[in-house]
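1 is the number of the first residue of the sequence shown in UniProt numbering; add one for each residue after it.
Idealized CB from N, CA, C, for every residue including glycine.
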Amino acid sequence: MSMTMPLPDYYSYSPAVGDGSGTEFSTAQEGRITGVRVYEYPYYGYYSNNYINGLQLQYDGNWTELVGTSDYGNEKTMTLFDNEYFVQVSGKYYSGYISELMFVTNEGRSFKVGQPTGLSFNFYPTHDGSALRFLSGRQNGFALTSIGAHWAVLFNSTTP
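This is the structure we're talking about:
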């Protein structure tokens with residue numbers, strides 16, 4: 001039985017892209033996202049395509065449960081600095097799978113995995129000062145088949 005968390009003020013959602021087969025997932029946790037870990041499958045066959053096999057977000061230093069799998073993929077990780085947060089998630093999807101992901105921070109740093117094959121998407125928040133809070137979508141046990149982004153304004157301890 002899952003509990004529904006209340007939505008914060010200034011919440012926005014970037015609707016999922018991809019074909020959406022498989023089991024749904026959500027990385028929602030309490031705290032600030034402090035890192036991202038992605039597993040990409042380097043397929044060098046006919047299509048020269050990569051697939052995003054799995055991902056994890058880190059909240060206040062603790063990794064979420066793995067979404068997808070790490071069995072086939074090369075691991076790539078980005079750790080955020082203090083006061084740094086994700087303001088954009090973009091990428092591509094092709095042939096039923098997410099093939100590329102790029103995360104961009106408020107400090108201008110970016111983290112790109114996968115290959116630029118397929119249809120493009122670009123997720124960003126509706127409200128100024130918002131940060132990525134969690135990702136959701138579907139995965140089929142081999143790779144991610146769809147992905148969406150959830151955003152909310154961050155408040156620090158000095159905000160009334």
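#1: With a CB to CB cut of under 7 Å and the five nearest residues on each side skipped, what residues in its chain are close to R133?
#2: So, under 8 Å CB-CB, F142 and T69 are touching, yes? Tell me the CB distance rounded to an integer number of Å.
#3: Report buried or exposed for G148, applying the criterion of at least 16 other Cβ atoms within 10 angstroms of its Cβ.
#4: Quick one: what's got a C-beta closer than 8 Å to Y72's C-beta in the same chain, skipping five residues either side?
#5: Determine the extent of the beta strand (DSSP E) in which S70 is found, giving its start and end residues.
#6: Look up N106 in the DSSP assignment and say whether it is helix, strand or coil.
Per the coordinate set shown:
#1: Residue numbering aside, residue 133 sits at position 133 when the sequence shown is read from its first letter. So the list reads H150, W151 and A152, once near-sequence residues are dropped.
#2: Stepping through the sequence shown from its first residue, residue 142 is reached at position 142. Stepping through the sequence shown from its first residue, residue 69 is reached at position 69. Contact flag correct, Cβ pair sits at about 7 Å.
#3: Within the sequence shown, numbered from 1, the residue matching residue 148 stands at position 148. So G148 ends up on the buried side.
#4: As a position in the sequence shown, residue 72 is number 72, starting the count at 1. Closer than 8 Å at Cβ, skipping near neighbours: Y39, Y41, N53 and F142.
#5: As a working mapping, residue 70 is identified with position 70 in the sequence shown. It is not in any beta strand (DSSP E) - S70 carries neither H nor E in the DSSP assignment.
#6: Residue 106 sits at position 106 when you count from the first residue of the sequence shown. In this structure, N106 counts as coil in the three-state DSSP scheme.
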